[in-house]
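In the UniProt record's numbering, the protein residues as written are 1 to 248.
From the three backbone atoms N, C-alpha and C, an ideal C-beta is built for every residue, glycine too.
What follows is one structure encoded as structure tokens, with my remarks underneath.
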Ligand SMILES: NC(=O)c1ccc[n+]([C@@H]2O[C@H](COP(=O)([O-])OP(=O)(O)OC[C@H]3O[C@@H](n4cnc5c(N)ncnc54)[C@H](OP(=O)(O)O)[C@@H]3O)[C@@H](O)[C@H]2O)c1
């Protein structure tokens, strides 16, 4: 039997108690990585994810952290140090989305979205940067709404554009320590945020793709699995679009 490509590696996937993050965790575990199932509110989902990994013969730990708080992200990495003593792959999947009219945006929502979508990946990557070595991986999740904003998506789109800038800057910095940094840009995907979208949104996104459907979290996880693998050693600073040719 072939040795799994991520054998011996440890992977942190933020927000892996549900949605796309959960599928990424399960997929990287199938490639042999030991998984840090991070969650914020979805404790039951995180426990289920970890149990599913263990049920398939893999190894997983769970840890709660609000990624918008630097102290909690530091505690997350301290727990990884204690449990596994290393980190090789970091997937910034956790993210939040709301929208609304420019004329009356809500400051609390603004802070929340900046906290989870902007400060969160920054705090996580900053801790990772101290630990990742040769062959390390950082994979950030952006959104097609970064390049194709819609009315009302301004704040979300801006945070997801920022994620792409993070990728390009971090790729240049962390490449010097042998680490690749890339973005995956999902289009509308379920399970995930699309499950809570307003009426008509799913149909809109289905029509935006020539395939006549939205993506699955498993399809996004496959792209992440490639970027996490040794085969992607020369891919860095790239933004990989996984939207079924939808520009929406
Ligand atoms: N699904 C889509 O259509 C789509 C399209 C384009 C891009 N994306 C991007 O893909 C990524 C994953 O999205 P998804 O669809 O899986 O979303 P989702 O199902 O809504 O899940 C959001 C995830 O973010 C985590 N999270 C929220 N607030 C947090 C906080 N303060 N601290 C830590 N974690 C927090 C949640 O953890 P808890 O539940 O544990 O709180 C959850 O795991 C996001 O970055 C999103 O922007 C998604």
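Residue-chain proximity (residue i, chain B), Cβ-Cβ < 8 Å
i           : result
residue 168 : Looking for chain B here will not work: only one protein chain is present.
Counterpart residues of residue i in DSSP-defined beta bridges
i           : result
residue 92  : 140
residue 190 : 216
residue 62  : 37
residue 248 : None, per the DSSP bridge assignment.
residue 13  : 37, 91
residue 240 : 184
Presumed contact (8 Å Cβ cut-off) between residue i and residue j, rounded CB distance
i           : j           : result
residue 183 : residue 157 : The pair is not a contact, with the Cβ atoms about 14 Å apart (cut-off 8 Å).
residue 239 : residue 155 : Contact flag wrong, Cβ pair sits at about 20 Å.
residue 189 : residue 20  : 6 Å
residue 144 : residue 246 : 7 Å
residue 9   : residue 33  : 5 Å
Test item: CB-CB of residue i and residue j under 8 Å
i           : j           : result
residue 211 : residue 187 : no
residue 228 : residue 139 : yes
residue 60  : residue 29  : yes
residue 167 : residue 235 : no
residue 116 : residue 133 : no
residue 74  : residue 40  : no
residue 214 : residue 194 : yes
Distance cut-off 7 Å: residue i Cβ against heavy atoms of ligand 1
i           : result
residue 150 : no
residue 194 : yes
residue 172 : no
residue 179 : no
residue 39  : yes
Near ligand 3: residue i beta-carbon under 7 Å from a heavy atom
i           : result
residue 154 : In the structure on display, ligand 3 does not appear, and the ligands it does have are ligand 1.
Self-check item: Complete beta strand (DSSP E) runs within the stretch 106 to 186 (minimum length 3 residues, chain order)
Solution: Correct list: 137 to 141, 180 to 186.
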